[in-house]
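In full-length UniProt numbering, the protein residues as written are 1 to 352.
For reference, the structure discussed in these notes is given below.
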Ligand SMILES: Cc1cc2nc3c(=O)[nH]c(=O)nc-3n(C[C@H](O)[C@H](O)[C@H](O)COP(=O)(O)O)c2cc1C
């Protein structure tokens with residue numbers, strides 16, 4: 001037996017010594033946790049800041065997606081048409097130019113998606129009779145005229161109709177494929193109430209998601225009262241234009257007391273994300289629609305939201321989820337996905 005083990009055994013013989021040992025261990029872990037967060041802060045500082053002069057391919061394509069998604073979203077918003085997207089369309093065009101100037105491939109799906117979305121944005125403004133109001137329309141026209149070839153090569157259209165979640169006579173692969181294609185972020189809802197039993201069925205399925213050591217830290221907090229939904233959504237920045245139509249709002253949280261120390265700090269988001277995905281699939285399989293709503297908030301907003309009383313102190317908010325029936329005919333953004341070579345790589349690292 002090693003010195004460490006025999007020392008531990010003698011300490012275990014005394015309840016007081018053992019309690020003291022556990023106390024000191026917990027404090028050491030707390031200090032160690034600070035180091036983990038400093039490591040995270042360093043990685044964040046190095047890699048998670050977009051610069052106005054950014055030229056790296058991945059960051060550029062991500063920023064393009066970020067900007068033109070605002071245009072895609074605007075094209076599916078319910079309600080009275082109003083001018084939207086002036087800043088994002090300008091930002092998208094500038095990013096496309098930066099992409100071209102850097103010599104990145106114009107066959108890239110995200111780049112082509114950017115050009116196509118600007119074109120669909122223009123068409124959308126015209127269809128709504130808003131193009132003359134747009135201060136960016138001349139820049140848009142010029143941008144599109146310069147990219148006729150890209151646009152003609154492989155026309156991409158946004159928005160597209162929401163697909164049905166099932167395929168008659170489908171095997172497991174086809175069934176899963178149909179469900180995956182039909183699971184889209186829906187930003188318009190019918191006024192029909194969502195049956196409680198169906199939400200419970202979906203949550204039961206989501207509970208089958210894997211979690212680290214099967215600790216199952218997820219909880220779904222459901223808000224159905226209109227005024228409460230509006231109040232909760234007032235703390236969230238991504239529901240403009242459709243938040244008022246959300247019939248049921250879920251707050252997805254993870255109970256942080258289920259984790260032993262800071263080395264598990266990111267596990268909350270892994271477990272929470274896996275659960276959220278299953279929940280969205282389950283809801284869609286039941287014919288419902290959903291839209292994830294980010295919880296990228298300042299500490300002050302997080303604290304203020306907690307004061308509404310929905311979320312306990314130890315619960316970490318993962319995201320919100322808008323849930324409801326999609327209207328009869330509902331459009332969703334095309335939202336092109338990255339090319340295969342960007343999605344995976346077989347590692348050739350020597351030490352792998
Ligand atoms: C964590 C997370 C947060 C999101 N937050 C928002 C949001 O605040 N508002 C919104 O309209 N969409 C939000 N989305 C939806 C994304 O925009 C959407 O998933 C993405 O554009 C792909 O489209 P799809 O879900 O239709 O396939 C979020 C998605 C995720 C996963």
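Virtual Cβ for every residue (Gly too), placed ideally from N, Cα, C.
Bear in mind the structure is a predicted one, so any value in this text is a computation, not a measurement.
Asked	Found
Identified DSSP bridge partners for residue 219	253
8 Å contact criterion, which residue 181 and residue 140 should meet: CB distance rounded	Their Cβ separation, rounded to whole angstroms, is 30 Å, which puts residue 181 and residue 140 out of contact at 8 Å.
Assumed close pair residue 310, residue 251 - CB separation to whole angstroms, cut-off 8 Å	6 Å
Exposed unless 16 or more other CB atoms sit within 10 angstroms - verdict on residue 4	exposed
Neighbourhood of residue 253 by C-beta distance below 7 Å, restricted to the same chain and skipping five residues each side	219, 221, 311, 315, 316, 317 and 318
Classification of residue 134 by the beta-carbon crowding that lies within 10 angstroms, buried from 16 upward	buried
Proximity test, residue 294 beta-carbon vs ligand 1 heavy atom, cut-off 6 Å	yes
Residue 238 beta carbon near ligand 1 (any heavy atom closer than 6 Å)	yes
Through-space distance from residue 177 to residue 171, alpha-carbon basis	10 Å
Among 215, 233 and 238, the one whose alpha carbon lies nearest that of residue 260	215
Distance between residue 143 and residue 184 (C-alpha atoms, nearest Å)	30 Å
Among 77, 68, 64 and 49, nearest to residue 187 - alpha-carbon criterion	77
Sub-7 Å separation of residue 158 and residue 120 beta-carbons	yes
Proximal residues to residue 272 (C-beta, below 7 Å), its chain only, five neighbours per side dropped	218, 252, 254 and 318
Contact set for residue 301: own chain, Cβ-Cβ below 8 Å, skip 5 residues either direction	235
Residue 275 classed as buried or exposed, judged by whether at least 16 other C-beta atoms fall within 10 angstroms	buried
beta-carbon residue 319 near ligand 1 non-hydrogen atom, thresh 6 Å	yes
Own chain partners of residue 84 with C-beta closer than 6 Å, once the 5 adjacent residues on each side are dropped	74
Anticipated Cβ contact below 8 Å, residue 391 with residue 160, distance rounded	Nothing can be reported for residue 391, as the shown portion of the chain is limited to 1 through 352.
Sequence-distant residues of its chain with Cβ nearer than 8 Å to residue 131 (five each side left out)	122, 125 and 137
Buried or exposed by the 16-neighbour rule on C-beta atoms within 10 Å, applied to residue 213	exposed
For residue 1, three-class secondary structure by DSSP	coil
Per-residue DSSP class, three states only, for residue 315	strand
Residue 156 vs residue 114 beta-carbon contact at 7 Å	no
Any non-hydrogen atom of ligand 1 closer than 6 Å to residue 69 Cβ	yes
heavy atom of ligand 1 below 6 Å from residue 184 C-beta	yes
Proximity below 7 Å, CB of residue 284 to CB of residue 165	yes
beta-carbon residue 62 near ligand 1 non-hydrogen atom, thresh 6 Å	no
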